[in-house]
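Student: My questions will all concern the structure given below.
Residue numbers (our numbering): 647 to 807.
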């Protein structure tokens with residue numbers, strides 16, 4: 647067996663049955679080196695098997711959208727979700743902080759049109775966070791089973807990666 651090492655560091659084994667006898671006769675055949683290369687090839691084959699096992703589980707791109715009026719509870723839920731994803735060793739991106747929506751209402755204080763023109767201004771701020779995960783769908787069920795603070799809305803969308 648003749649083994650050639652390419653610049654991409656991939657081992658490609660090419661067997662030359664007529665040349666094997668010539669390599670042994672000329673002294674170029676070194677059993678020790680071929681044994682090391684065979685062990686390396688076996689290790690690479692084991693890694694290929696492991697990656698095939700991972701690929702058998704279909705990975706989904708999962709986007710978790712969190713919406714709340716309370717920033718502290720929203721950040722706590724985000725931290726818990728990311729901590730759970732890191733414990734499961736998943737690829738996690740986020741939390742992405744989207745711009746805060748400010749809903750404003752200005753109304754007159756007086757119920758009738760008389761008196762000084764005085765106004766009340768009301769404002770509601772809506773905070774939004776995005777978390778992206780790449781994982782099988784059954785793992786997400788385990789991650790999202792954490793306690794979610796009241797007032798935090800969770801939306802989960804699953805896409806094929």
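Where a beta carbon is used, it is the ideal one built from N, C-alpha and C, also for glycine.
Exposed or buried, which one is residue 804 when buried takes at least 16 other CB atoms within 10 Å?
Tutor: With fewer than 16 Cβ atoms within 10 Å of its Cβ, residue 804 is classed as exposed.
Student: Have a look at the DSSP bridge pairing and note the partners of residue 708.
Tutor: DSSP output for residue 708 lists 779, 804 as bridge partner(s).
Student: From the DSSP output, which residues share a beta bridge with residue 754?
Tutor: Partner(s): 765.
Student: What did DSSP end up calling residue 720 once you bin it into helix, strand or coil?
Tutor: Helix, per DSSP.
Student: Do you know offhand how far residue 738's Cα is from residue 797's?
Tutor: Approximately 24 Å between the Cα atoms of the pair.
Student: Hey, is the region 777-791 in contact with the region 727-737, meaning 3+ C-beta pairs nearer than 8 Å?
Tutor: Touching, per the Cβ criterion.
Student: Below 8 Å, can you find three or more Cβ-Cβ pairs linking the region 782-801 to the region 739-755?
Tutor: Because the criterion of three Cβ pairs below 8 Å is not met, the region 782-801 and the region 739-755 do not touch.
Student: Relative to the alpha-carbon of residue 710, which residue among 767, 723, 770, 735 has its alpha-carbon at the smallest distance?
Tutor: Checking every option, the nearest Cα to that of residue 710 belongs to 723.
Student: Which same chain residues end up closer than 6 Å to residue 752 when comparing Cβ atoms and leaving out the 5 residues on each side of it in sequence?
Tutor: Closer than 6 Å at Cβ, skipping near neighbours: 765, 767.
Student: Using a Cβ-Cβ cutoff of less than 7 Å, which residues in the same chain neighbour residue 719 once the five nearest sequence positions on both sides are dropped?
Tutor: Contacts found: 795, 797, 798.
Student: Which residue wins for smallest C-alpha separation from residue 815, given the options 761, 758, 787, 773?
Tutor: Because the chain here runs from 647 to 807, residue 815 falls outside it and cannot be looked at.
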